[in-house]
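Here the structure is laid out as structure tokens; the discussion comes afterwards.
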Amino acid sequence: MEIGQKIKKLRELRNFSQQYMAEKLEIAQQTYSKMETGDIDFPISRLKNISDILGIRIVDIFSFDEKSILNSYNNNAENITTGFIISDKEFLDRLTNLYESRIEMQQKEIDRLHILLQKMVSK
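Residue 105 in the working numbering sits at position 104 of the sequence shown, with consecutive numbering throughout.
Have a look at this one:
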């Protein structure tokens with residue numbers, strides 16, 4: 002799997018649009034699309050930015066294997082289910098660590114904002 006395809010799959014797993022990624026990278030959506038399709042190469046600096054946006058390491062982009070994720074679609078008249086079955090424990094562990102670190106960062110930001118709010122109220 003090419004690097005652009007891997008980034009596309011990882012972006013889709015995060016439920017990010019090409020437009021969102023392009024805005025974060027400060028490039029046109031069409032340019033971002035061309036990078037994902039392989040029409041334009043990814044400079045290493047862009048890979049770093051992309052990994053930061055996706056909340057993963059650059060090495061995780063290169064080691065990503067779509068065979069470790071199976072799209073499961075159950076379509077019937079009463080229930081439509083879309084999900085992911087993770088068959089790669091290492092990937093699942095990394096994903097769990099990623100979310101735990103994001104939760105921790107968000108909690109620190111909440112704490113910082115509470116302190117700031119208390120300072121503003123006490124003036």
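Beta carbons are placed, not taken as given, at the ideal position from N, Cα and C, and that holds for glycine.
*If you follow the alpha helix (DSSP H) that I28 is part of, which residue opens it and which one closes it?*
Here the question's residue 28 lines up with position 27 in the sequence shown. Careful: I28 lies outside any alpha helix (DSSP H) and carries neither H nor E.
_Nearest residue (CA-CA) to K7, options D66, N50, Q107, Q30_ = Position 6 of the sequence shown, counted from the first residue, corresponds to residue 7. When only C-alpha atoms are compared, the closest one is D66.
*Is the beta carbon of N50 less than 8 angstroms from the beta carbon of L14?*
Taking the sequence shown and counting its residues from 1, the one referred to as residue 50 is at position 49. Taking the sequence shown and counting its residues from 1, the one referred to as residue 14 is at position 13. Not closer than 8 angstroms, so no.
*Leaving aside the five residues before and after T38 along the sequence, list all residues of the same chain whose C-beta is less than 8 angstroms from its C-beta, in chain order.*
Within the sequence shown, the letter at position 37 stands for residue 38. Closer than 8 angstroms at the Cβ level, and outside the excluded window around T38, lie G5.
*Exposed or buried, what is L93 when buried is set at 16 or more other beta-carbons lying within 10 Å of its beta-carbon?*
Numbered from its first residue, the sequence shown carries residue 93 at position 92. The residue is exposed, with fewer than 16 neighbouring Cβ atoms inside 10 Å.
*Can you name the start and end residues of the alpha helix (DSSP H) that I8 belongs to?*
Within the sequence shown, residue 8 is the residue found at index 7, counting from 1. Residues 4-14.
*Cutoff 7 angstroms; reference I59; Cβ partners in own chain excluding five residues on either side*: Here residue 59 refers to the residue found at position 58 when the sequence shown is read from its first residue. Same-chain partners within the cutoff: L48, K49, S52.
*Along the chain, where does the alpha helix (DSSP H) that runs through R47 open and close?*
Translated into the one-based positions of the sequence shown, residue 47 becomes position 46. Unbroken alpha helix (DSSP H) run through R47: 45-55.
*Is DSSP giving R113 helix, strand or coil here?*
Walking along the sequence shown from the start, residue 113 turns up at place 112. DSSP places R113 in helix when its eight states are reduced to three.
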